[in-house]
Amino acid sequence: MTAEVESEPAEGVPAPPRLWRLRRRSRALGRGVVGLLFAGAVLVTGARLLVFDAMWPIAIMTVFAPYAAAASVVVLLGAAVLRMRITLLVALGLVVVHTLWMLPRLTPAGAPAPGGTRVRVMTANAYFGTADAARITALVVRERVDVLAVQELTPELAAGLDRAGLSRELPYSAGHGEPGASGLAIYARRPLTDARLLPERTTMPMPGATVEIDGRRIRLQGVHTIPPMRGQAGKWAHDMDALRREAEHRTLPTVFLGDFNATLDNASFRALTDTGLRDAHKERGRGLARTWPMAHFHGLPPLFGIDHVLVTGGIDVVSVSEHRVTRTDHAAVIAELALR
């Protein structure tokens with residue numbers, strides 16, 4: 001007869017009760033993280049589903065849609081591992097919805113028809129006029145820019161651009177600098193005609209003009225809407241509506257370029273593109289490109305794409321790129337267009 005001997009667990013292996021407690025805590029932590037991501041994804045997706053965004057929480061939440069898409073995938077995987085069945089089913093629906101939203105902006109449009117006249121346009125927000133005038137001018141020269149729209153142009157920056165040689169490259173202009181953030185001007189290599197502001201009064205002046213290139217007349221519309229922050233979302237929505245009505249009544253092929261303070265997901269921006277405008281980044285399969293903020297997070301990449309070049313029929317997008325400009329929180333956007 002042999003006596004039973006109680007064995008000790010091997011060194012480094014937790015005793016069962018301790019292991020169970022660790023597993024329970026890990027599971028609870030995992031459920032908590034999945035729950036937080038799930039709640040955020042549901043809120044953002046709900047905001048994105050709405051057809052209006054004149055309220056600042058909706059406008060702000062909507063810009064996080066690409067991040068909600070990524071969170072939905074994490075939630076789906078986490079819910080599967082943790083056996084959270086209801087969360088799993090809802091997350092699956094979220095992933096499907098976001099895939100339908102995101103896939104088109106990652107799919108390039110067809111190649112432009114050969115032989116069209118090429119035009120290179122650039123937009124740059126100058127951050128209260130503090131942007132580096134020499135850097136902006138150097139970009140214009142290096143990238144052979146034909147049209148430049150500068151938002152938040154101050155009289156001092158306008159003078160700095162002139163000293164840097166911009167007027168030698170782009171001698172024609174519409175609009176002017178103003179103190180603060182309201183100034184906006186369009187500079188061009190060829191003469192500008194029919195320069196005017198939008199028919200509807202907007203929070204900040206938005207000048208436009210017509211240019212003739214190789215016998216083709218196109219309309220250039222500068223854009224700078226007020227940010228949809230608390231107390232300003234209604235004004236922002238009005239600015240976007242004014243742009244939409246301008247697009248609806250266009251009589252020429254048109255390029256809208258500037259700081260829209262809106263992403264592809266905002267309902268007001270979607271209403272604008274529903275008029276037939278096409279986003280340059282989306283046309284080239286780069287609809288997740290981000291342009292702001294460039295300076296506030298100490299080397300981290302920008303988070304949102306709020307600077308856009310939009311084109312109507314008769315204009316194809318050949319390429320689009322972003323460029324850092326010193327002393328501003330926005331990336332400059334340069335698009336090469338082909339006139340049909």
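Residues 1 to 340 (full-length UniProt numbering) are what the sequence shown spells out, left to right.
By construction, the Cβ of each residue, glycine as well, lies at the ideal position given by its N, Cα and C atoms.
Item                                                                                                               : Value
Segment contact flag, the stretch 277–294 with the stretch 104–117, C-beta cutoff 8 Å, min 3 pairs                 : yes
Option nearest residue 341 by Cα separation, candidates 245, 259 and 73                                            : No answer is possible for residue 341: the residues shown for the chain start at 1 and end at 340.
Cβ neighbour criterion (16 or more within 10 Å) applied to residue 257                                             : buried
Cα-Cα separation, residue 196 to residue 176                                                                       : 12 Å
Close Cβ partners of residue 291 (< 8 Å) along its chain, the five nearest in sequence each way excluded           : 302, 304, 305, 306, 307, 322, 330, 331 and 333
8 Å CB neighbourhood of residue 113 in its chain, flanking five on each side removed                               : 316, 338 and 340
Proximal residues to residue 223 (C-beta, below 7 Å), its chain only, five neighbours per side dropped             : 206, 243, 256, 257, 258, 259 and 260
For residue 240, the nearest candidate out of 208, 268 and 82 (CA to CA)                                           : 268
Residue 335, DSSP secondary structure in three states                                                              : strand
Endpoints, alpha helix (DSSP H) assigned at residue 146                                                            : It is not in any alpha helix (DSSP H) - residue 146 carries neither H nor E in the DSSP assignment.
Inter-residue spacing [alpha-carbon to alpha-carbon] between residue 325 and residue 135                           : 6 Å
Cα-Cα separation, residue 311 to residue 77                                                                        : 39 Å
Residue 291 - DSSP class collapsed to helix/strand/coil                                                            : coil
Sequence-distant residues of the same chain with beta carbon closer than 7 Å to residue 64, five excluded per side : 44
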